[in-house]
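Peer 1: The numbering used here puts the sequence shown at residues 48 to 634. Just so you know, even glycine gets a beta-carbon here, dropped at the ideal spot from N, CA and C. Got a structure for you, questions after.
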Amino acid sequence: MFSLSSHDLVQYSIITLAHSKDWLFTYAFLIASLLPALHRTSVVCKGDKSFLPSVTRLLSGGLIVIFYTATFFVGTGLIAAFITRYDLILQLKHHFEQVYMYGFAGLVVGLPTGFVLRHLIARYLEPYMNRKTKRALKSVDKKGLTDVRDLAKLFPEVIKYDPTKYFQQALKLNKVFLCLDENHKPIFLDEDYYRETNVQLVGAPSAGKSMVCAIACCQRVLSGRHVVVTIDPKHDVYLPALLENSAKIAGVPYREINLKRDQPPQFNPLHNITPEDLYELLISAFGLSLSDKDSDHYRINERDPLYTLCYMIDENPSFPKLLDLAEDINDELGDVYKKIKEIALIPAVQTDAPNDLEEILSSQGVWYFKGAMRDDAVKMLQRLIFARIPQIVENRDDKSSHVTIVGDEFKYSLSRVICDSLGALRSSNASYWLCHQSLGDIEIAVAGLEPKVVYQTVTDNTGLKLSYRCQNPKTAKMFSDLTGTILVDNEIQQTETNEANSELHKRGRTLAQTQVPYFSTNVLMNLPKRCCLIMGAGGIPQLGITAPILIDPVPYKPIVTNHTPPRSINDELMPFSSFDDDLLPKG
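Next comes the structure, spelled out in structure tokens:
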């Protein structure tokens with residue numbers, strides 16, 4: 048095969064190799080270092096037919112063939128020259144020794160390098176390719192097992208939009224626009240479903256709960272023959288302005304009452320109340336409901352004189368008059384008298400003037416009550432007012448107007464009356480929209496009810512639920528469980544170690560079906576702002592995108608009525624010095 052009969056060919060080959068000693072060293076080094084490394088990469092992730100490992104093995108094998116072929120020809124030529132023209136090699140001994148020395152040096156340096164590269168490939172490259180291949184086989188889906196690191200791929204684009212442009216379409220369809228779905232299509236609620244369904248809205252502060260309340264309530268006001276009553280302890284900036292503007296457009300009454308202590312007399316919550324309803328209200332506001340416990344003994348002792356007081360009131364009751372009557376039996380009332388006195392000292396209710404709350408609840412309009420989250424006396428008062436609304440609604444002669452009762456941060460207004468009315472108020476053509484931040488807000492002890500009973504009552508009697516981003520894992524798990532379960536393939540993989548003690552996933556998987564929530568807690572705890580999970584809007588649970596109705600805040604203008612303070616309170620105790628006398632009615 049190799050004919051070296053030509054003296055010039057052999058001489059030229061040896062001299063050329065000797066003069067190319069730098070190249071020869073490099074070649075020998077590459078052969079010695081790359082062949083072990085290429086041999087290792089040619090079997091990397093053996094058995095894995097994925098693209099990356101397959102291409103790596105193919106390229107490594109090709110380079111091995113090229114190196115072996117080149118080495119074969121060079122080595123064979125030198126051996127043939129040595130055998131056939133030994134006499135010529137002796138003449139070129141100096142050049143041949145240079146070829147041998149540089150080639151041997153390249154092998155000596157290259158072999159350790161090759162084994163180091165082989166170890167690095169087994170220690171780092173192969174595990175990396177194995178992880179990349181395994182990750183590529185995964186599919187991320189909200190309808191299965193989720194990885195919190197990949198959640199950004201699940202959430203829809205939270206776009207900005209104007210909710211009011213869907214109002215007219217909803218009115219024509221006899222529906223209520225709620226928000227957009229994850230495909231940016233409108234979600235509508237049937238009119239009948241809206242009327243008979245209580246709504247629970249849960250989420251972190253500023254997540255978007257007030258936005259969806261405003262969207263629904265503004266449509267109710269604009270459509271006519273609907274009433275909206277809101278209890279707002281946190282004094283929302285935009286919701287009052289939106290409701291007032293909607294009432295103005297619809298030509299219906301708008302009443303806004305601020306219960307804080309720095310406000311003038313505005314509202315008599317006991318107007319036209321019966322002794323029976325008054326007794327129920329005070330029991331609820333003061334936490335005197337019975338609970339089948341030993342503490343009932345003390346509650347009964349307080350309830351008995353309170354019952355007597357309620358039947359002492361005349362036909363035009365008010366808190367100033369109630370306190371004057373309570374003064375006569377304050378020894379029997381004990382702590383109840385002190386609670387009545389605390390409420391009666393709130394200027395906003397120091398009036399016996401009539402109001403049109405009952406009239407509006409029987410026709411159409413808006414009542415907006417601003418309460419408090421820290422003032423205990425105001426919290427008692429707002430609980431009383433919140434409980435007064437269902438009393439009036441249930442006693443209406445004309446129940447044709449639907450009443451939407453919004454309890455924002457409603458843990459500050461929660462009472463036994465509200466819990467009892469959640470399941471029955473829809474028969475009086477009314478429904479609740481209850482907003483809170485977590486389960487802890489409703490797992491509270493209401494007088495006469497255990498925390499678990501309160502929680503169960505609220506969750507069982509709210510057919511439509513909207514959950515924004517949850518900051519409490521327990522709350523997220525509760526809503527995750529409510530979305531139902533689906534079957535997913537649960538992957539079981541086996542591992543092995545290579546010669547570098549790196550752990551590798553074996554090719555091949557074992558799949559077992561398991562039930563998981565339709566939306567995981569990962570999703571609920573990482574929802575973007577204005578994005579919510581909707582359950583009960585028809586069909587399976589889905590993600591929704593809410594948006595605010597843009598409007599400028601409107602300065603508060605109190606409804607000022609005549610001032611009738613309790614006679615039994617000294618003037619120096621009355622906090623009216625800060626009031627402008629011009630605000631009070633003349634004469």
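1. Return helix, strand or coil for K228, following the three-state DSSP convention.
2. For E291, which of N377, Q313, C265 has the nearest alpha-carbon?
3. Is DSSP giving A251 helix, strand or coil here?
4. Could you check how far apart the C-beta atoms of P300 and L325 are, in whole angstroms? I think they sit under 8 Å.
5. Does A294 come out as helix, strand or coil in the three-state DSSP assignment?
6. Output the distance between the C-alpha atoms of Q589 and T355, rounded to the nearest integer angstrom.
7. Can you say whether I78 is buried or exposed, counting buried as having 16 or more other CB atoms within 10 angstroms of its CB?
8. Buried or exposed: which applies to N245, given that a residue is buried once 16 or more other Cβ atoms fall within 10 Å of its Cβ?
9. Going straight from the alpha carbon of F566 to that of F457, what length do you get?
10. Identify whether M525 lies in helix, strand or coil by the three-state DSSP scheme.
11. Could you compute how far the alpha carbon of A254 sits from the alpha carbon of I347?
12. What is the rounded straight-line gap between the Cα of G487 and the Cα of D361?
13. When we look at the beta-carbon of V102 and count the other beta-carbons within 10 Å, is it buried (16 or more) or exposed?
14. Identify whether V450 lies in helix, strand or coil by the three-state DSSP scheme.
15. Which residue from H483, P520, L370, A152 puts its Cα closest to that of T506?
16. What does the alpha-carbon distance come out to for the pair G591 and K222?
17. If you follow the beta strand (DSSP E) that M582 is part of, which residue opens it and which one closes it?
18. Give the secondary structure of S475 by DSSP, where H, G and I count as helix, E and B as strand, and everything else as coil.
19. P352 lies in the alpha helix (DSSP H); which residues open and close that run?
20. Does the contact criterion of 3 or more C-beta pairs under 8 Å hold for the segment 372-388 versus the segment 399-406?
21. Quick one: Cα of L580 to Cα of S514, how far?
22. If I'm right that P394 touches R308 with Cβ under 8 Å, what's the distance once you round it to whole angstroms?
23. Going by the CB atoms, is the gap between E389 and A434 shorter than 8 Å?
24. Report all residues from its chain with a CB closer than 6 Å to the CB of K368; omit the five preceding and five following residues, and keep chain order.
25. Might you give, ordered along the chain, the residues of its own chain that have their beta carbon closer than 7 Å to the beta carbon of Q411, omitting 5 neighbours on each side?
26. Based on Cα-Cα distance, which residue from P316, L306, L529, L269 lies nearest to S293?
27. Starting from the Cα of A477, find the closest Cα among P575, K281, P352, D445 and give me that residue.
28. Using DSSP with H/G/I as helix, E/B as strand and the rest coil, what is G640?
29. Do E441 and S475 have their beta-carbon atoms positioned less than 8 Å apart in this structure?
30. With a CB to CB cut of under 7 Å and the five nearest residues on each side skipped, what residues in its chain are close to Y213?
31. Could you tell me whether the Cβ atoms of T593 and M258 are closer together than 8 Å?
Peer 2: In brief:
1. Your numbering for residue 228 matches position 181 in the sequence shown. Residue 228 is actually Asp in this sequence, not Lys. D228: strand per DSSP, three-state reduction.
2. Start at 1 with the first residue of the sequence shown, and residue 291 comes out as number 244. Taking E291 as reference, the option from N377, Q313, C265 with the minimal CA-CA separation is C265.
3. The sequence position of residue 251 within the sequence shown is 204, counting from 1. It is coil, neither helix nor strand.
4. Taking the sequence shown and counting its residues from 1, one reaches residue 300 at position 253. Taking the sequence shown and counting its residues from 1, one reaches residue 325 at position 278. With a Cβ gap of about 25 Å, P300 and L325 do not count as contacting.
5. The residue given as residue 294 occupies position 247 in the sequence shown. If DSSP states are grouped into helix, strand and coil, A294 belongs with the helices.
6. Within the sequence shown, the letter at position 542 stands for residue 589. Within the sequence shown, the letter at position 308 stands for residue 355. The straight-line gap from Cα to Cα measures roughly 53 Å.
7. By one-based count along the sequence shown, residue 78 stands at place 31. When all chains shown are included, I78 counts as buried.
8. In the sequence shown, the residue the question calls residue 245 occupies position 198. Burial state of N245 is buried, judged by a 10 Å Cβ sphere holding 16 or more other Cβ atoms.
9. Here residue 566 refers to the residue found at position 519 when the sequence shown is read from its first residue. Here residue 457 refers to the residue found at position 410 when the sequence shown is read from its first residue. Rounded to the nearest angstrom, the two C-alpha atoms are 26 Å apart.
10. Counting from one through the sequence shown, the residue named residue 525 turns up at place 478. Residue state, collapsed to three classes: helix.
11. Taking the sequence shown and counting its residues from 1, the one referred to as residue 254 is at position 207. Taking the sequence shown and counting its residues from 1, the one referred to as residue 347 is at position 300. Looking at the backbone, the Cα of A254 and that of I347 are separated by about 43 Å.
12. Locating residue 487 in the sequence shown gives position 440, where the first residue counts as 1. Locating residue 361 in the sequence shown gives position 314, where the first residue counts as 1. So the two alpha carbons sit approximately 41 Å from each other.
13. Position 55 of the sequence shown, counting from 1, holds the residue named residue 102. Taking all protein chains shown into account, V102 has fewer than 16 neighbouring C-beta atoms within 10 Å of its C-beta and is therefore exposed.
14. Counting from one through the sequence shown, the residue named residue 450 turns up at place 403. Correct three-state label for V450: strand.
15. As a first step, residue 506 must be located in the sequence shown, where it is residue number 459. When only C-alpha atoms are compared, the closest one is H483.
16. Numbered from 1 along the sequence shown, position 544 holds the residue referred to as residue 591. Numbered from 1 along the sequence shown, position 175 holds the residue referred to as residue 222. Straight across, the Cα-Cα distance linking G591 with K222 is about 17 Å.
17. The residue given as residue 582 occupies position 535 in the sequence shown. Run containing M582: 578-582, per the beta strand (DSSP E) assignment.
18. Here residue 475 is taken as the residue at index 428 of the sequence shown, counted from 1. Correct three-state label for S475: helix.
19. Here residue 352 refers to the residue found at position 305 when the sequence shown is read from its first residue. Looking at the DSSP string, the run of the alpha helix (DSSP H) that includes P352 is 343-357.
20. no
21. Locating residue 580 in the sequence shown gives position 533, where the first residue counts as 1. Locating residue 514 in the sequence shown gives position 467, where the first residue counts as 1. Each residue's alpha carbon lies about 5 Å from the other.
22. Taking the first residue of the sequence shown as 1, we reach residue 394 at position 347. Taking the first residue of the sequence shown as 1, we reach residue 308 at position 261. Right, their Cβ atoms sit about 6 Å apart.
23. Position 387 of the sequence shown, counting from 1, holds the residue named residue 434. Position 342 of the sequence shown, counting from 1, holds the residue named residue 389. For the 8 Å CB-CB criterion, A434 and E389 do not form a contact.
24. Taking the first residue of the sequence shown as position 1, residue 368 is located at position 321. Spatial neighbours of K368 in its own chain (CB-CB distance under 6 Å, excluding positions within 5 residues in sequence) are not present.
25. Within the sequence shown, numbered from 1, the residue matching residue 411 stands at position 364. Apart from sequence neighbours up to five positions away, the residues of its chain that approach Q411 with a beta-carbon distance below 7 Å are G271, R272, H273, V274, V299, S448, ordered along the chain.
26. As a first step, residue 293 must be located in the sequence shown, where it is residue number 246. Taking only the C-alpha atoms, the option nearest S293 is L269.
27. Residue 477 sits at position 430 when you count from the first residue of the sequence shown. It is D445 whose Cα lies nearest to the Cα of A477.
28. The structure shown does not extend to residue 640, since the chain spans only 48 to 634, so no value can be given for it.
29. Here the question's residue 475 lines up with position 428 in the sequence shown. Here the question's residue 441 lines up with position 394 in the sequence shown. Against a cut-off of 8 Å, the Cβ pair of E441 and S475 comes out as a contact.
30. What you label residue 213 is simply residue 166 of the sequence shown in a count that begins at 1. Excluding positions up to five away in sequence, the list reads F224, P233.
31. Along the sequence shown, read from residue 1 onward, the residue named residue 593 stands at position 546. Along the sequence shown, read from residue 1 onward, the residue named residue 258 stands at position 211. The Cβ atoms of T593 and M258 sit closer than 8 Å to each other.
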